[in-house]
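Undergrad: Using the numbering used here, the letters of the sequence shown map in sequence onto residues 13 to 120.
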Amino acid sequence: GHPERWIFVCLFLLPLSVVFDVYYYVRAWLIFKMCSAPKLHDQRVRDIQRQVREWKTEGSKSFMCTGRPGWLTVSLRVGKYKKTHKNIMINMMDILEVDTKRQVVRVE
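1. Can you tell me the Cα-Cα spacing of L25 and E16, whole angstroms?
2. For A49 and D106, which I take to be in contact (beta-carbon distance under 8 Å), what is that distance rounded to the nearest angstrom?
3. E109 by DSSP, collapsed to three states: which one?
4. Find the nearest neighbour of K7 within the set I100, G79, V30, V119, judged by alpha-carbon distance.
5. Tell me which residue opens and which closes the beta strand (DSSP E) that R17 is part of.
6. Measuring straight from C-alpha to C-alpha, what distance separates D33 and G71?
7. On the DSSP bridge list, what partners appear for M101?
8. Would C22 pass as an interface residue toward chain C - the criterion being a Cβ-Cβ separation below 8 Å?
9. What is the DSSP secondary structure of V90, counted as helix, strand or coil?
10. By alpha-carbon positions, which one of K73, Y93, E66, W41 ends up nearest to G82?
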């Protein structure tokens, strides 16, 4: 094994993880407060549609998969298929609407 691995984890990965979490928390808070998610949603949907149409125009020769980078995935498995499939970037992670009366949250 690597007995010094804990040094890398404690001095690099843990602080980086905290920075990453703070960034996404602040980003989500700003987008929610500015109510910009619903405005950006239609644009994001159109971008996904454009990518799929582009894939069809190119002849649909390979399968499609999400373009999420490997370091953002939940799985520990290496997604080798991402190199051979058409990567469709799906950047949807925002809250679009909160209806407290109906107790409904609409998300992307």
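Just so it is clear, CB atoms sit at the ideal spot from N, CA and C, and this is done for glycine as well. Source: prediction; values computed, not measured.
TA: The structure says:
1. As a first step, residue 25 is located in the sequence shown; it is residue number 13 there, counting from the start. As a first step, residue 16 is located in the sequence shown; it is residue number 4 there, counting from the start. Each residue's alpha carbon lies about 14 Å from the other.
2. As a working note, residue 49 is residue 37 in the sequence shown. As a working note, residue 106 is residue 94 in the sequence shown. The Cβ separation is near 4 Å, so the contact holds.
3. Here residue 109 refers to the residue found at position 97 of the sequence shown. Three-state result, E109: strand.
4. Because the chain in this structure spans residues 13 to 120, residue 7 falls outside the shown range and cannot be described.
5. Here residue 17 is taken as the residue at index 5 of the sequence shown, counted from 1. Per DSSP, R17 lies in no beta strand (DSSP E) segment; the continuous alpha helix (DSSP H) that holds it begins and ends at 17 to 20.
6. In the sequence shown, the residue the question calls residue 33 occupies position 21. In the sequence shown, the residue the question calls residue 71 occupies position 59. Distance between the alpha carbons of D33 and G71: 40 Å.
7. Here residue 101 refers to the residue found at position 89 of the sequence shown. M101 pairs with nothing; no bridge assigned.
8. No chain C appears in the structure shown, which is made up of a single protein chain.
9. In the sequence shown, counting from the first residue as 1, residue 90 sits at position 78. The answer is coil: DSSP assigns V90 none of H, G, I, E or B.
10. Within the sequence shown, the letter at position 70 stands for residue 82. When only C-alpha atoms are compared, the closest one is Y93.
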